[in-house]
Structure formats: C-alpha cells, structure tokens
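J.: Here our numbering is used: position 172 in the sequence shown is 426, and no number is missing along the way.
Ideal Cβ positions, reconstructed from N, Cα and C, are used throughout, including at glycine.
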Amino acid sequence: MKPTAPQKVLVTEQGETRGSVRVGIDAPVELHVAGLPAPLPGRCRDVSVGGVCVATPSVFVLKDLRRIVIGLASGPVRLDAEGRWQFDASADDLVLSGLAFVNPSPDAVEAISRLVLDTGRSLAHFLYSKGELRDLELDEVVGVAQVTRLRDVSAGRYIYRQETAERGEDSIFIVESGSVRLQIRTGSGRDLAIARLEPGQLFGGMPLVCDAPHAETAVADGNVRLLEIHRDVFRYLSRARPWLAHRLSSTVTRVNARRLHQVLARLRSEL
C-alpha cells in the first residue's frame, strides 16, 4: 500500500467564498495559462456558479491563469477565470486549485447553474436513499450535497491513517463508488480489518467533530470515488448553518460509535 503524505499548501484559500452552492462533480477541464505551450488538462472536483475546484497533475502559476474550458455533456463551457488558492494533494499525486469565474456570459451562467442544480439533486437523492445520512431530514441532506467535493483514490492508497489528523486526511468521507477497508494496527503490529464500506457509507471526520485523531486506518480496496466534506467547508457550515453542522457531527459520531461497538463485540466473542 502506498502511504499518504501531508498536503502542502501552496497558496492559501484567502478570498475563497462559500456563500454559493457548490457540488462535487467530475468533468474534464482545460486551463489556459500564460507561458504554457498548451492548455493544462485537469478534472473538475466541485463547481458553483461563481467558481470551480480543479485537480491537475502539476502546479501552475495562479496569477497566469486566463481561462478555463469545462467539458460538459451539452458541450464545452468557456469562462475567463482567476486563481484563488492552491495546495499540493500529495496523497493523490495531484494539485488542487480554486478558481473564480470572471465576468461570465449569461449563457455560461445558465449552463453552470443548470449543472449545479441537476448535480445537487442527483447527489441529494443518492445520499438520502443510501447509507448513514438517511437519518437526516431531506433538506439537511440537500445541504450536505451542496458542500461536497469529489475525490478519486487509487487502489491500495491510504485515505488516512490511524492516530493521524493531517490536512486532507481529516475530512468527512462518503463512498460514492468502489469500496474502502477500515483496519486497526494491533499491539503486535498486525493490521486487523474491521469493516468494508460500500457506496453510501460514511467514515472519517473525527478530527473535525471532536478534535480527535482517527481511531482506524482507511484504505482504498480498489479504485474508489469519494464525496468529501473537508475542514474549510465544515468550518463554513459551523458559521453559516450551525444546525446542519451539528446534525452532521451527530451522524459522524454515531456512525463511529456504532463501529466501535461492533469491534468490541467481535473482540469479546473471540476472548
């Protein structure tokens, strides 16, 4: 298994706004950056009517960004853009960058708005019909869907490790596709699998909700796609929608407590 490395902040997220709805989405993008001989390819990770988070295989100079082209099923959308923040997601061999749209045309705004609304409805239905978020009210699930970011993890990669709470590893995660194995390291140094998570199931998040390190290690069983609620978004929820942050925290705590109970029951049966 390939180890993770802490994410290195390249440019801070100062100036990024979370006032508009954002949804996790995967779509091809091309970044037109001054000084580069060709457009830089990447993938969209979340989008709002005001901006986008993109993943690229390499770093680029934010101030040299001129334009982004988002490949949608209905056709490419071209928008002038400027860079806002950037950090090196070393665990995924990617660089994440936050971009803001500059004076988008009415047609571009309509296309992005339609994308955000349609994707938000689809994600809310997925979250409400599967997994641990079914205990939330529908409007609360819609609120969660509106703050997600997609994250792809290759087979064998650590998503986070036991007793850590590094940036990028401290998020709340929900499996969208694939499976994730949770395991603990025993006193003898053996890795003991305690759960295998399927689409819709939630994991992680304890560093956010109770400032505690992870009690287990999470590993991608195969190639897996996750919905991620990262630290900055959770802080935004705590300020702007405190009841939703409270409900989400309660769900994270309840899910982790239930898994702990299952592990203890398993250990008792083996003694």
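Looking only at its own chain, which residues have a Cβ that is under 7 angstroms from the Cβ of V429, when we skip the five neighbours before and after it?
T.: In the sequence shown, the residue the question calls residue 429 occupies position 175. Hits under 7 angstroms: L451, E452, P453, G454, Q455, V478 and L480.
J.: Got a sec? Which residues, its chain only, sit under 7 angstroms from D424 by beta carbon, not counting five neighbours each side?
T.: Indexing the sequence shown from 1 puts residue 424 at position 170. Counting only Cβ-Cβ distances below 7 angstroms, and skipping sequence neighbours, we find P461, L462 and R485.
J.: Starting from the C-beta of A365, find all residues in its chain whose C-beta is less than 8 angstroms away, skip the five residues before and the five after it, and write them out in chain order.
T.: Taking the sequence shown and counting its residues from 1, one reaches residue 365 at position 111. For A365, where only same-chain residues beyond five positions count, the Cβ hits under 8 angstroms are L326, S328 and V331.
J.: Quick one: what's V331 bridged to in DSSP?
T.: For the purposes of this step, residue 331 is taken as the residue at position 77 of the sequence shown. In DSSP, V331 forms a bridge with I324.
J.: Going straight from the alpha carbon of V303 to that of I279, what length do you get?
T.: Within the sequence shown, the letter at position 49 stands for residue 303. Within the sequence shown, the letter at position 25 stands for residue 279. Whole-angstrom Cα-Cα distance: 13 angstroms.
J.: In angstroms, rounded to a whole number, what distance separates the CA positions of V434 and Y412?
T.: Locating residue 434 in the sequence shown gives position 180, where the first residue counts as 1. Locating residue 412 in the sequence shown gives position 158, where the first residue counts as 1. Whole-angstrom Cα-Cα distance: 10 angstroms.
J.: Following the continuous beta strand (DSSP E) through P295, name the residue where it begins and the one where it ends.
T.: Residue 295 sits at position 41 when you count from the first residue of the sequence shown. L294 to V301 is the extent of the beta strand (DSSP E) around P295.
J.: Could you round the C-beta distance between L350 and Q340 to whole angstroms and report it? I think they count as a contact, below 8 angstroms.
T.: Here residue 350 is taken as the residue at index 96 of the sequence shown, counted from 1. Here residue 340 is taken as the residue at index 86 of the sequence shown, counted from 1. Confirmed, about 7 angstroms.
J.: May I ask you to report which of helix, strand or coil DSSP gives H468?
T.: The residue given as residue 468 occupies position 214 in the sequence shown. H468: coil per DSSP, three-state reduction.
J.: Specify, as a first and last residue, the run of the alpha helix (DSSP H) that G443 falls within.
T.: As a position in the sequence shown, residue 443 is number 189, starting the count at 1. Here G443 belongs to no alpha helix (DSSP H), and DSSP marks it neither H nor E.
J.: In its own chain, which residues sit with a C-beta less than 6 angstroms from the C-beta of L404, not counting the 5 before and 5 after it?
T.: Against the sequence shown, residue 404 aligns to sequence position 150. Hits under 6 angstroms: G278, D280 and R299.
J.: Report yes if the C-beta distance between V315 and V283 is below 8 angstroms; otherwise report no.
T.: Residue numbering aside, residue 315 sits at position 61 when the sequence shown is read from its first letter. Residue numbering aside, residue 283 sits at position 29 when the sequence shown is read from its first letter. Contact: no.
J.: Does S425 come out as helix, strand or coil in the three-state DSSP assignment?
T.: Within the sequence shown, numbered from 1, the residue matching residue 425 stands at position 171. Coil at S425, not helix or strand.
J.: Which two residues bound the contiguous alpha helix (DSSP H) that contains E394?
T.: Residue 394 sits at position 140 when you count from the first residue of the sequence shown. Per DSSP, E394 belongs to the alpha helix (DSSP H) from L392 to A399.
J.: Compute the beta-carbon to beta-carbon distance between A419 and P467, rounded to the nearest angstrom, for a pair I have assumed lies under 8 angstroms.
T.: Start at 1 with the first residue of the sequence shown, and residue 419 comes out as number 165. Start at 1 with the first residue of the sequence shown, and residue 467 comes out as number 213. Confirmed, about 5 angstroms.
J.: Residues in the same chain with beta-carbon distance under 8 angstroms from L377, minus the five sequence neighbours each way, listed in chain order, please.
T.: Here residue 377 corresponds to residue number 123 of the sequence shown, with the count starting at 1. Cβ within range, chain order: V277, G278, A399, T402 and L481.
J.: Ordered along the chain, which non-local residues of its own chain (more than five positions away) have a Cβ less than 7 angstroms from that of V395?
T.: Counting from 1 along the sequence shown, the entry for residue 395 is found at position 141. Same-chain partners within the cutoff: A378, L381, Y382 and L387.
J.: With a threshold of 6 angstroms on Cβ separation, who are the neighbours of R520 within its own chain once the five nearest residues in sequence on each side are excluded?
T.: Locating residue 520 in the sequence shown gives position 266, where the first residue counts as 1. The answer is none, since no qualifying residue turns up.
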